[in-house]
Amino acid sequence: MPVGHKEADGQREPDTSPIGHYTVKLTLTQRDLNELKHLVDRNFASLTCGWLPTTIAVTKVINQVVSQDLEELDNYDNDGAKPAYHAPEHEETD
1045 MPVGHKEADG QREPDTSPIG HYTVKLTLTQ RDLNELKHLV DRNFASLTCG WLPTTIAVTK
1105 VINQVVSQDL EELDNYDNDG AKPAYHAPEH EETD
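Anchor point for the sequence shown: position 74 equals 1118 in my numbering, and the numbering is continuous, going up by one each time.
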């Protein structure tokens, strides 16, 4: 330990602060959703934030976005049809 080291005075008691309910409007592409799902699948590995309460809040928001049904998040202009996730098949030419 360095000279003068002192343990940080962290908040050890449970969080009893008031709870708020927020509705956030997002514009996410399918790529954004896939990246968020990938981040959750990795248990938020590589997500860095300098302050733990902020990290907890951000992970709660990301978990909520990822857990929502794709139908609810679908805002494409294609009459409600799901977007194509792969290229259309083409005839093979030799």
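Glycine included, every Cβ here is placed at the ideal spot set by N, Cα and C.
Between residue 1102 and residue 1068, the C-beta gap is not smaller than 9 Å, which leaves the two residues out of contact. DSSP places residue 1075 in the helix class (H, G or I) of the three-state scheme. Apart from sequence neighbours up to five positions away, the residues of its chain that approach residue 1080 with a beta-carbon distance below 7 Å are 1106, 1109, 1110, ordered along the chain. The C-alpha of residue 1063 lies about 24 Å from the C-alpha of residue 1084.
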